[in-house]
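Colleague: Chains as they are written, first to last, in my numbering: chain A, 16 to 253; chain B, 16 to 253.
Ideal placement from N, C-alpha and C gives every residue a C-beta, glycine not left out.
Below you will find the structure I want to go over with you.
Number of protein chains: 2
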Amino acid sequence: MEFPGYRPLYRQVYDIMVEKVAKGVWRAGESLPSEQALARELGVSQGTMRKVLDAMTAENLLERHQGKGTFVASNTQERSLFRFFRMVTPDGERVTPARGVETVVVRAARTIEQKRLDLPKKQRVIEITRTRLLEGRPAILETIILSASLFQGIETRRPLPNTLYSLYQTDFGINIISTEEQLRPDIANKDDQKMLGAPLGAPIQCIDRIAKTLQDRKVEWRLSRIYAPNLAYAVTLS
Amino acid sequence: MEFPGYRPLYRQVYDIMVEKVAKGVWRAGESLPSEQALARELGVSQGTMRKVLDAMTAENLLERHQGKGTFVASNTQERSLFRFFRMVTPDGERVTPARGVETVVVRAARTIEQKRLDLPKKQRVIEITRTRLLEGRPAILETIILSASLFQGIETRRPLPNTLYSLYQTDFGINIISTEEQLRPDIANKDDQKMLGAPLGAPIQCIDRIAKTLQDRKVEWRLSRIYAPNLAYAVTLS
DNA sequence: GAGTGGTCTAGACCACGCA
DNA sequence: GCGTGGTCTAGACCACTCT
């Protein structure tokens, strides 16, 4: 690993600004000072400041609106769904899930969970198991693992909202900005039959997702089993 | 639909440059004139030209290298695979497919094909059916539909390369820059059993892909059936 | 009209690749 | 040492929003 002997100014400013946003110097949805003010504050030109703010906007970290100002991006419910929930009808229209039943337990972390979430040893985790409805029918069986120390008290919030990521942000200061997903096909087992009404042996889409914060910290591991014969998982690669 | 009464200069320059790249004014892999030269040629400042070139770089249309120049992005085989082929091992390591058997036919387009590829009526299509190997085993069964007029003569090129997108680019001047995919789980049928050695009823990942050019023209429709028990389809959302 | 982000320019200097 | 892209600045003007 070569350490860069040269660090552009805008890179340094970028790191400072990301740090500030991550630390919550400004709340989600709140407006930042103007370009001018920030540039003065950090002792750089307005052009350099702009480069930084534009970069952060491109990464969905900030939102800028001409005439209004620069705002910390907020995972509103719709936006959060729109970004990370990818199921569509054959026509390409997005569907949105509704809440089903849920159970929450706090327990010791298993080895695999420690590994997937980079948890320290002896860490406790929160396990959320829930179903979600698509088109009025139970269609998704989800197991969600969270670090108990990061999400202290989430087990007492019942019922949980449908879009957990906005809850993470508003109540725990944790802003999910990217996810890594792996998809595998599977066939319905007895659990799927019981919870989703899927015939044994029916095709199931399994999604294994790790959700990460700004600083690339892995904070949620989610396993979803989806039985939705008429829907597909849509993604655009470019 | 409001028509924008105001068109920034860099937008106009962007459109001109994209048009030039699309028309093949410079070949894939070739270098463009320098920022300075292009700016002079189009009568804008170097800063504006830079903004355009940077935007095109961000869209994988150009590549820029300090000290060397600006180049038309080329879908080299590895790059093309890296971008659009998403299968990974449980550890997250990418696997690359190898060529299997293939058949090519030219025939009249079906209604569904006309619709998916926005083809004019009476258009003929080329249908490529092939298998691809993963880890030495037949694992992917693919049906590829192309407009016969765009890819005239491709049916005589046997064997076809593993990475079709570089062939489209080098021999037909068609540069795939984005794809829209829909994933659905399915269970193995007799074809899958025969061609891939999948047990009847085994889980199969189906991918329905439309590939698009720079101008958002839909040029390829590809249906893949994947039987790969130890692999997953990986994607990062951000 | 005041304040914000958005565009555009001109010019200086830096880092990199290559001959 | 030259030419390339990469960084940084200072300043002008434009478009949008709100009051």
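Looking at the strands, I want to know which residues DSSP matches up with W236(B).
Modeller: Answer is I160(B) and I225(B).
Colleague: Let me make sure I understand the geometry here. Which of A73(A), N75(A), A52(A) and E74(A) has the alpha-carbon closest to that of M64(A)?
Modeller: A52(A)
Colleague: For E17(A), would you say it is in contact with chain B, using Cβ-to-Cβ distances shorter than 7 Å as the test?
Modeller: Because E17(A) carries a pLDDT of 48, less than 50, the predicted location of this residue cannot be relied on, and no value is offered for it.
Colleague: Contact criterion: CB-CB distance below 7 Å. Does Q197(A) meet it with respect to chain B?
Modeller: yes
Colleague: With distances taken Cα to Cα, identify the nearest neighbour of G115(B) among N190(B), E150(B) and R131(B).
Modeller: E150(B)
Colleague: Threshold first: 4 residues or longer. Then list the alpha helix (DSSP H) segments lying entirely within the segment 87 to 112 of chain B, N to C.
Modeller: List check, alpha helix (DSSP H) in window: 92 to 99.
Colleague: Label A88(B) either buried or exposed according to how many other C-beta atoms from any shown protein chain fall within 10 Å of its C-beta, with 16 as the threshold for buried.
Modeller: buried
Colleague: Find the nearest neighbour of Q81(B) within the set A123(B), S46(B), A124(B) and Y248(B), judged by alpha-carbon distance.
Modeller: S46(B)
Colleague: When you compare the CB of Q92(B) with every CB in chain A, is at least one pair closer than 7 Å?
Modeller: no
Colleague: Straight-line CA distance for E17(B) to Y21(A)?
Modeller: Any reading at E17(B) must be qualified, since the residue scores a pLDDT of 49, below 50, and its modelled position is unreliable; the value itself is stated next. E17(B) and Y21(A): Cα-Cα distance of roughly 46 Å.
Colleague: Would you please state the rounded distance, in angstroms, between the beta carbons of K233(A) and T194(A)? I believe it to be under 8 Å.
Modeller: That belief does not hold up - the Cβ atoms of K233(A) and T194(A) are roughly 10 Å apart, past 8 Å.
Colleague: Output yes if chain A places a C-beta closer than 7 Å to the C-beta of I222(B); else output no.
Modeller: no
Colleague: In chain order, what residues of the same chain have a beta carbon less than 6 Å from the beta carbon of L215(B), not counting five sequence neighbours either side?
Modeller: A203 and Q208
Colleague: Using the Cα positions of S95(B) and Q197(A), report the straight-line distance between them to the nearest angstrom.
Modeller: 20 Å
Colleague: Rank A70(A), R152(A) and F99(A) by C-alpha distance to the C-alpha of T85(A) and give the top, closest one.
Modeller: Nearest of A70(A), R152(A) and F99(A) to T85(A), Cα basis: A70(A).
Colleague: Give the secondary structure of E17(B) by DSSP, where H, G and I count as helix, E and B as strand, and everything else as coil.
Modeller: Because E17(B) carries a pLDDT of 49, less than 50, the predicted location of this residue cannot be relied on, and the following value inherits that uncertainty. Reduced to three states, the DSSP call for E17(B) is coil.
Colleague: Mapping the DSSP letters down to three states, classify D207(B) as helix, strand or coil.
Modeller: helix
Colleague: Grab the span of the alpha helix (DSSP H) containing D201(B) for me, first residue to last.
Modeller: Taken as a continuous stretch (DSSP letters only), D201(B) belongs to no alpha helix (DSSP H), being part of the beta strand (DSSP E) at I191 to I202.
Colleague: Can you tell me whether R172(A) is helix, strand or coil according to DSSP?
Modeller: coil
Colleague: If we ignore side chains and look at the alpha-carbon of each, how far apart do R152(B) and R79(B) end up?
Modeller: Approximately 39 Å, taken between the alpha carbons.
Colleague: So E117(B) and T158(B) are in contact, right, with Cβ under 8 Å, and what is the actual spacing, rounded?
Modeller: Actually they are not in contact, since the Cβ atoms of E117(B) and T158(B) sit about 11 Å apart, beyond 8 Å.
Colleague: Bridge partners of E142(B), per DSSP?
Modeller: V120(B) and I160(B), per the DSSP bridge assignment.
Colleague: Quick one, are the C-beta atoms of R147(A) and I155(A) less than 7 Å apart?
Modeller: yes
Colleague: Applying a beta-carbon distance threshold of less than 8 Å, which residues of chain A neighbour R98(B)?
Modeller: L252
Colleague: With a cut-off of 8 Å on the beta carbons, I'd call R55(B) and Y248(B) a contact; round off their distance for me.
Modeller: Actually they are not in contact, since the Cβ atoms of R55(B) and Y248(B) sit about 47 Å apart, beyond 8 Å.
Colleague: Quick one: list the residues of chain B neighbouring D201(A), beta-carbon separation under 8 Å, in chain order.
Modeller: Under the 8 Å cutoff, chain B gives P200 and P218.
Colleague: On a Cα-Cα basis, can you pick out the residue from V36(A), G44(A), R98(A) and T111(A) that is closest to L252(B)?
Modeller: Ranked by Cα distance from L252(B), the options V36(A), G44(A), R98(A) and T111(A) are led by R98(A).
Colleague: Can you pull the chain B residues whose beta carbon is under 8 Å from the beta carbon of S193(A), in chain order?
Modeller: T251, L252 and S253
Colleague: Under three-state DSSP, which class holds G39(A)?
Modeller: coil
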